[in-house]
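Trainee:
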Amino acid sequence: NAGVTQTPKFRVLKTGQSMTLLCAQDMNHEYMYWYRQDPGMGLRLIHYSVGEGTTAKGEVPDGYNVSRLKKQNFLLGLESAAPSQTSVYFCASSPTLETQYFGPGTRLLVL
Amino acid sequence: GESVGLHLPTLSVQEGDNSIINCAYSNSASDYFIWYKQESGKGPQFIIDIRSNMDKRQGQRVTVLLNKTVKHLSLQIAATQPGDSAVYFCAENHYGGSQGNLIFGKGTKLSVKP
Chain X
6 NAGVTQTPKF RVLKTGQSMT LLCAQDMNHE YMYWYRQDPG MGLRLIHYSV GEGTTAKGEV
66 PDGYNVSRLK KQNFLLGLES AAPSQTSVYF CASSPTLETQ YFGPGTRLLV L
Chain Z
858 GESVGLHLPT LSVQEGDNSI INCAYSNSAS DYFIWYKQES GKGPQFIIDI RSNMDKRQGQ
918 RVTVLLNKTV KHLSLQIAAT QPGDSAVYFC AENHYGGSQG NLIFGKGTKL SVKP
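Protein chains in written order, with our numbering: chain X, 6 to 116; chain Z, 858 to 971.
Set out below in structure tokens:
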């Protein structure tokens, strides 16, 4: 049981490039989330999903898109990366509206 | 808007002492609270949670206290160990709000001196 895994662990992008971050969970959780964490700040919710085929916007959704085609996967896309998107991205999953279980994070640097 | 915050950004304690990390919340309608531990370079790890119908909950070496009157949450760590050094986040959830949307505080960094 791997829990929540994230791919890649680290990535460097140039401004304007696109990329997709993959989150996978093997706990059969309904809910999945994408957060970003910046220095001195708490976790901010980007997008979330309450089930396969559904997505919703969080606190800071601009510049990001998501998809949940399979229950176990939640993808976060950056269509045109900007330096302001340099951050650490965490994925989480939850069986209910309560405790969320986090992945190890993806460190993204946009030059 | 309403948010969760922390009284102290840093806390330094001696190994073996008890630690108390505080958190203030502003949404009186919040139903559920969680404490997470985040070690350097890792994702947040669940420590303990408490519902709004409880005042206290104990785990292994940790206790969470909830004071709804003053909207205050605290995490007590008994016999603090070097492995407890991390950033601790509190988070709240309001079931009547966005589904599953935990609101996180900015965190308190706990340093344990040997």
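Idealized CB from N, CA, C, for every residue including glycine.
(1) Give me the chain X residues within the contact set of Z:Gly962, using Cβ-Cβ distance strictly less than 7 Å, ordered along the chain.
(2) Are X:Thr20 and X:Leu83 closer than 8 Å when you measure CB to CB?
(3) Might you give, ordered along the chain, the residues of its own chain that have their beta carbon closer than 7 Å to the beta carbon of Z:Lys928, omitting 5 neighbours on each side?
(4) In angstroms with no decimal places, state the Cα-to-Cα distance between Z:Thr867 and X:Ser98.
(5) Residues in the stretch 865-899 of chain Z with C-beta within 7 Å of chain X's C-beta atoms, listed in sequence order?
(6) In angstroms with no decimal places, state the Cα-to-Cα distance between X:Leu102 and X:Tyr36.
(7) Look at the alpha carbon of Z:Lys963 and the alpha carbon of X:Gly47, and state the distance between them as a whole number of angstroms.
(8) Determine, using beta carbons only, whether X:Leu80 and X:Arg16 come nearer to each other than 8 Å.
(9) Are Z:Arg918 and Z:Ile934 closer than 8 Å when you measure CB to CB?
(10) Taking 8 Å as the CB-CB cut-off, is X:Thr104 touching chain Z?
(11) Let me check understanding here. Comparing Cα to Cα, which of Z:Leu923, Z:Gln895, Z:Ile877 and Z:Arg908 lies closest to Z:His951?
(12) Use the C-beta contact count for Z:Gln902: other C-beta atoms within 10 angstroms, 16 or more gives buried, fewer gives exposed.
(13) By alpha-carbon positions, which one of X:Thr25, X:Asn33 and X:Gln90 ends up nearest to X:Asn6?
(14) Here's the rule: buried if 16 or more other CB atoms are within 10 angstroms of the residue's CB, otherwise exposed. What is X:Lys75?
(15) Specify, as a first and last residue, the run of the beta strand (DSSP E) that Z:Asp906 falls within.
Mentor: A quick look at the data gives this:
(1) Gly47
(2) no
(3) Ala881, Tyr882, Ser883 and Ser885
(4) 29 Å
(5) Residues of the stretch 865-899 of chain Z with a C-beta less than 7 Å from any C-beta of chain X: Tyr889, Ile891 and Lys899, listed in chain order.
(6) 8 Å
(7) If I take the Cα positions, the gap works out to 4 Å.
(8) no
(9) Result yes, Cβ atoms of Z:Arg918 and Z:Ile934 sit closer than 8 Å.
(10) The Cβ of X:Thr104 sits closer than 8 Å to at least one Cβ of chain Z.
(11) Z:Arg908
(12) exposed
(13) X:Asn33
(14) exposed
(15) Element bounds for Z:Asp906: Gln902 to Arg908.
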